[in-house]
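*Asks:* Would you mind keeping the following structure in view while I ask a few things?
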């Protein structure tokens, strides 16, 4: 997916485009997750759409649900628990997705420059 250590690092413009592409992938995952979470909270936890969206967004942001789910049906509670686990994984995956190009560029520059001085 990325360039080999034997070729020079890509230009700053191409690197910026790579970061934007990764941000686009991450944005798509967030939008998809917000839609699934909102629909799930509306249908299974009997919440109003705005409250359902707020709960989905807060869980995806790592903050936890807002309001009391104690009055929700059992299916809503199970959905909230599953979505909370899913949101935690999405948070970690997106952090990796956003940081991978940066770590690769730093390691690539170090490796490439070190390889050039050895010759």
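Numbering (my numbering), first residue to last: 39 to 157. Even for Gly, the Cβ is constructed at its ideal location relative to N, Cα and C.
Between which residues of its own chain and residue 157 is the CB-CB distance below 7 Å, once the five residues before and five after are set aside?
*Replies:* In this predicted model, residue 157 has a pLDDT of only 49, less than 50, meaning its place in the structure is not dependable enough to derive any value.
*Asks:* Since residue 104 contacts residue 92 with CB under 8 Å, what's their CB separation in whole angstroms?
*Replies:* 5 Å
*Asks:* Only counting runs of 4 or more residues, tell me where the alpha helix (DSSP H) segments fall wholly within the stretch 49 to 82, in order along the chain.
*Replies:* 50 to 82
*Asks:* Which word fits residue 46, buried or exposed, when buried means at least 16 other C-beta atoms lie within 10 angstroms of its C-beta?
*Replies:* exposed
*Asks:* What do you reckon, are the CB atoms on residue 34 and residue 95 nearer than 8 Å?
*Replies:* Only positions 39 to 157 of the chain appear in the structure, and residue 34 is not among them; the question remains open.
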